[in-house]
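Student:
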Amino acid sequence: MKKFLQSPYAWLAPALAALFIITIVPTFFLFFTSLHHWELGFPWDERVFIGLKNFSHTLQNPLFRSALVRTLIYTVSAVTVQFILGFLIASFLSRRTLLWRGFLIGSLIIPMTVTPSIAGLIWRLYFNPTYGIVNYLLGFINLQPNWYGYELALLSAVIVEVWQWTPFVTLILLAGLSALPRTPFEAAMVDGASRFQMLWNITLPLLRPIILIALLLRGMDALKMFDVIFSLTGGGPADATELISMLIYRTGFYHTGMVGRASAIAVFLLAAIILLSQFLIKILDSEPKSA
Amino acid sequence: MNSAGTSRVKAVDAIVDVTGTLILVFLFLFPFLWMVSMSFKDRIQTFQIPPLWFFQPTLENYRALFAREIFGTYFVNSVAVIVFSVLVSFVLAAPAAYALSRFDFKGKKDISFWILSVRMAPAIAVVIPYFFLGSFMGILDTRLILIIAYLSFNVPFATWMLKGFMDEIPTEVDEAALIDGSSRFQVFSRLIIPLTANGLAATSILCLIQSWNEFTFALFLTTTEARTLPTIVTQFLTFQGVVWGEMSAAATITVLPAVVFAILVRKHLITGLSFGAVKE
Chain A
-3 MKKFLQSPYA
7 WLAPALAALF
17 IITIVPTFFL
27 FFTSLHHWEL
37 GFPWDERVFI
47 GLKNFSHTLQ
57 NPLFRSALVR
67 TLIYTVSAVT
77 VQFILGFLIA
87 SFLSRRTLLW
97 RGFLIGSLII
107 PMTVTPSIAG
117 LIWRLYFNPT
127 YGIVNYLLGF
137 INLQPNWYGY
147 ELALLSAVIV
157 EVWQWTPFVT
167 LILLAGLSAL
177 PRTPFEAAMV
187 DGASRFQMLW
197 NITLPLLRPI
207 ILIALLLRGM
217 DALKMFDVIF
227 SLTGGGPADA
237 TELISMLIYR
247 TGFYHTGMVG
257 RASAIAVFLL
267 AAIILLSQFL
277 IKILDSEPKS
287 A
Chain B
24 MNSAGTSRVK
34 AVDAIVDVTG
44 TLILVFLFLF
54 PFLWMVSMSF
64 KDRIQTFQIP
74 PLWFFQPTLE
84 NYRALFAREI
94 FGTYFVNSVA
104 VIVFSVLVSF
114 VLAAPAAYAL
124 SRFDFKGKKD
134 ISFWILSVRM
144 APAIAVVIPY
154 FFLGSFMGIL
164 DTRLILIIAY
174 LSFNVPFATW
184 MLKGFMDEIP
194 TEVDEAALID
204 GSSRFQVFSR
214 LIIPLTANGL
224 AATSILCLIQ
234 SWNEFTFALF
244 LTTTEARTLP
254 TIVTQFLTFQ
264 GVVWGEMSAA
274 ATITVLPAVV
284 FAILVRKHLI
294 TGLSFGAVKE
């Protein structure tokens, strides 16, 4: 026993074995179902092997294409706003004169801890065109947008995502800002650099790895977003907020029981996430771990 | 700078600080507080326009919520699933973290990054095989399948976090103990674990939060018996017209534990959410 514990693999074995069973085996099963035609409710024996047909069908499926475009719009716009807003707030929070910093950081922590499915539900009430608080407040500037309509539904989803996760980007950037070395800035001040020049040429390049980590983490989460959309809009109205994950849900479980097709879409999503996580790992690997 | 100039700068600073603080509170804290306040309004107050900022609070919504049988069931399920899943995660993750922190071996980097990437897998993709494997094994709609499913993100997360905390203990500590004749297991259980107690606590709370908030697995893998609190939204989506107060009460009760826990571990929250990439 004593000798056995000298090997690192003995210590790793339980976790690796468990992860193999609960993640690798299911992933193979997902590949397997993606190669079959099989509908929900039919016996497992009635599956038909159809090779890559589910994949070629997915690629030609206009529903998939529009869901993909929608997911990208949702992800890119949410992450962009989170970054710009997050950077502004982080700069504000690093002001030396600021009182109540602790209280503000506490307030920022709350949105990202709110159960996502609950956040969707609550914002659904806030966006209610007649009784919601959002339109009540917008009434002061004479705006009464219909958030439940087709045009604005995706924007409402972006707003919830921005509300929940801008704090995360903010706090990451704040940690980065507070760890910045002072010498480059002092040198630049001596040289008479403007504030913008310092931001563009010193701050942003120094923060680059941290910014990338924040954006990648948020981007990956937004790509696979399901719970907020489920309770905020249910993918609707019509297909206005049908992101990839909602499409998987509707294809495989809700509207039609095309498990094979849903699996093929899921494989695409999984591949995209794996690809992005490899980028993330590369950054984590090449940079010193602290901000 | 003369004193008039200084005081003008001070005034500008104060204005910027106060305005910024108010905007931040309005954007991020207010939506949360509004939810809590809605949970204390009666039906008429809820739908009043303009909305009521001050009102006589009622506990009616909470009474109605607690009167629903499902609420108790969901709550107990949530607690049971999370406690077991986090406990098992730690039994698996702590030794693995020890190996990754203290041993040098071939493939160490690949293994640790593979573990991390498992954490990123999209639940909506993984849940399809879980659904069918679970149905073949007859464990759908049981707490067991949720406990297993939650291991798939808790084990990688806990391993990665605990490795970070263990890395902070100087290796001299355990080398000295090993030279004194302690076994590896003694070093692990009597030195490393006590020394990382804070890290263990923070990590377990972060695991609690992410398990408590989990929705996708719970929605697909359970129907009635093993449902957890986040899926309570499905109860409200069909007849959302009238019960805003009760919805807010359910939301408040579901959200509150996560928020309290998050404030407790706020120092580690960003480290945890960025998988150790950012230390505060």
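As they're listed, the protein sequences go chains A and B. Numbered per the numbering used here, the first sequence spans residues -3 to 287. Numbered per the numbering used here, the second sequence spans residues 24 to 303. Quick reminder that beta carbons are idealized off the backbone N, C-alpha and C, glycines included.
(1) Just confirm the distance between the C-beta atoms of B/A172 and B/F240, as a whole number of angstroms; I'd bet it's less than 8 Å.
(2) In the DSSP assignment, the alpha helix (DSSP H) including A/E157 goes from what residue to what residue?
(3) State the Cα-Cα distance for the pair A/A153 and A/V186, rounded to the nearest angstrom.
(4) In three-state terms, what does DSSP make of A/M254?
(5) Helix, strand or coil for A/K285 per DSSP?
(6) Would you kindly work out how many angstroms separate the C-alpha atoms of A/L8 and A/P107, rounded to a whole number?
(7) Report, in whole angstroms, the separation of the C-beta atoms of A/I261 and A/T67, which I expect to be a contact under 8 Å.
(8) Which of the three DSSP states, helix, strand or coil, is assigned to A/F181?
(9) By the criterion of Cβ-Cβ separation under 7 Å, what are the contact partners of B/M58 in chain A?
(10) Please find out if some non-hydrogen atom of the ligand ATP comes closer than 7 Å to the beta-carbon of A/F136.
(11) Against chain A, which members of the stretch 234 to 245 of chain B pass a CB distance test of less than 8 Å?
(12) When you compare only the Cα positions, how much space is there between A/T252 and A/L59?
(13) In chain order, what residues of the same chain have a beta carbon less than 6 Å from the beta carbon of B/F154, not counting five sequence neighbours either side?
(14) Would B/G222 and B/G299 be called neighbours here (beta carbons separated by less than 8 Å)?
(15) Going along chain A, which residues have a C-beta under 8 Å from B/Y153?
(16) Please report the Cβ distance between B/G295 and B/M184, rounded to the nearest whole angstrom; I am assuming they are in contact, meaning their Cβ atoms lie under 8 Å.
(17) Which residues, in order along the stretch 56 to 87 of chain A, keep a beta-carbon less than 7 Å from a beta-carbon of chain B?
(18) Decide if A/V224 is buried, meaning its Cβ has at least 16 other Cβ atoms within 10 Å, or exposed.
(19) Could you give the DSSP three-state label for B/A300: helix, strand or coil?
(20) Just to confirm, are B/V109 and A/L15 a CB contact at a threshold of 8 Å?
(21) Check each residue of the stretch 98 to 126 of chain B: if its Cβ is closer than 7 Å to any Cβ of chain A, include it; give the result in chain order.
(22) Comparing the C-beta of A/S282 with each C-beta of chain B, is any distance below 8 Å?
(23) Classify A/F45 as helix, strand or coil using the three-state DSSP reduction.
(24) Express the C-alpha separation of A/Y122 and A/I129 in angstroms, rounding to a whole number.
(25) Can you find a C-beta in chain A that's less than 8 Å from the C-beta of B/L218?
(26) For a minimum of 4 consecutive residues, which ranges assigned as the alpha helix (DSSP H) are wholly contained in the stretch 22 to 83 of chain A?
(27) Which whole-angstrom value describes the C-beta separation of A/V110 and B/F55, a residue pair presumed to lie in contact below a C-beta threshold of 8 Å?
(28) Give the range of the alpha helix (DSSP H) segment to which B/E92 is assigned.
(29) Terminal residues of the continuous alpha helix (DSSP H) containing B/R213?
(30) Helix or strand or just coil, what does DSSP make of B/D190?
(31) Helix, strand or coil: which one does DSSP assign to B/S62?
(32) Taking the alpha-carbon of A/F264 as reference, which of B/V149, B/T69 and B/F159 has the nearest alpha-carbon?
(33) So, does the stretch 192 to 206 of chain A touch the stretch 90 to 100 of chain A, judging by three or more C-beta pairs under 8 Å?
(34) For a contact meaning CB atoms closer than 7 Å, what does B/R207 contact in chain A?
(35) Might you give, ordered along the chain, the residues of its own chain that have their beta carbon closer than 7 Å to the beta carbon of A/L211, omitting 5 neighbours on each side?
(36) Between the C-alpha atoms of A/L36 and A/Y144, what's the straight-line distance to the nearest angstrom?
Tutor: Let's see:
(1) At roughly 4 Å, the Cβ-Cβ gap stays under 8 Å, so B/A172 and B/F240 are in contact.
(2) Segment Y146 to S174, the alpha helix (DSSP H) holding A/E157.
(3) Whole-angstrom Cα-Cα distance: 46 Å.
(4) If DSSP states are grouped into helix, strand and coil, A/M254 belongs with the strands.
(5) For A/K285, the pLDDT reaches just 47, beneath the cut-off of 50, and the residue's location in the model is therefore unreliable, leaving the point undetermined.
(6) About 36 Å.
(7) No, A/I261 and A/T67 are not in contact; Cβ-Cβ is about 11 Å, not under 8 Å.
(8) Per DSSP, reduced to three states, the secondary structure at A/F181 is helical.
(9) Within 7 Å Cβ-Cβ: I118.
(10) For the structure depicted, the ligand ATP is absent and the ligand set is empty, with no information on it obtainable.
(11) Along the stretch 234 to 245 of chain B, the positions whose C-beta sits under 8 Å from a C-beta of chain A are W235, N236, F238, T239, L242 and F243, read in chain order.
(12) Between A/T252 and A/L59, the C-alpha separation is close to 13 Å.
(13) Counting only Cβ-Cβ distances below 6 Å, and skipping sequence neighbours, we find F243.
(14) No; because the gap between Cβ atoms is not below 8 Å, this pair is not in contact.
(15) Under the 8 Å cutoff, chain A gives P22.
(16) That belief holds up - the Cβ atoms of B/G295 and B/M184 are roughly 6 Å apart, short of 8 Å.
(17) Along the stretch 56 to 87 of chain A, the positions whose C-beta sits under 7 Å from a C-beta of chain B are I85, read in chain order.
(18) Buried, because 16 or more other Cβ atoms sit within 10 Å of the Cβ of A/V224.
(19) Three-state DSSP puts B/A300 in coil, outside helix and strand.
(20) In this structure, B/V109 lies away from A/L15, with their beta-carbon atoms at least 8 Å apart.
(21) Residues passing the 7 Å Cβ filter: L115, A116, P118, A119, Y121, A122 and F126.
(22) The C-beta of A/S282 comes no closer than 8 Å to any C-beta of chain B.
(23) Note: A/F45 maps to strand in three-state DSSP.
(24) If you draw a straight line from the Cα of A/I129 to the Cα of A/Y122, it comes to about 5 Å.
(25) At a cut-off of 8 Å, the C-beta of B/L218 has no neighbouring C-beta in chain A.
(26) If we require 4 residues or more, the alpha helix (DSSP H) runs fully inside the stretch 22 to 83 of chain A come out as 49 to 56.
(27) A/V110 to B/F55, Cβ: 7 Å. Contact.
(28) Going by DSSP, B/E92 is part of the alpha helix (DSSP H) stretching over E92 to R125.
(29) Boundaries cannot be given for B/R213, as no alpha helix (DSSP H) includes it and DSSP labels it neither H nor E.
(30) Look at B/D190 here: in three-state DSSP terms it is helix.
(31) In the structure shown, B/S62 sits in coil (DSSP, three-state: anything other than H, G, I, E or B).
(32) Checked all of B/V149, B/T69 and B/F159; the closest Cα to A/F264 is B/V149.
(33) Verdict: no, contact absent.
(34) The contacting residues are L1 and Q2.
(35) Beyond the five residues adjoining it in sequence on each side, A/L211 comes within less than 7 Å, by CB distance, of V75 and F79 in the same chain, given in chain order.
(36) Between A/L36 and A/Y144, the C-alpha separation is close to 31 Å.
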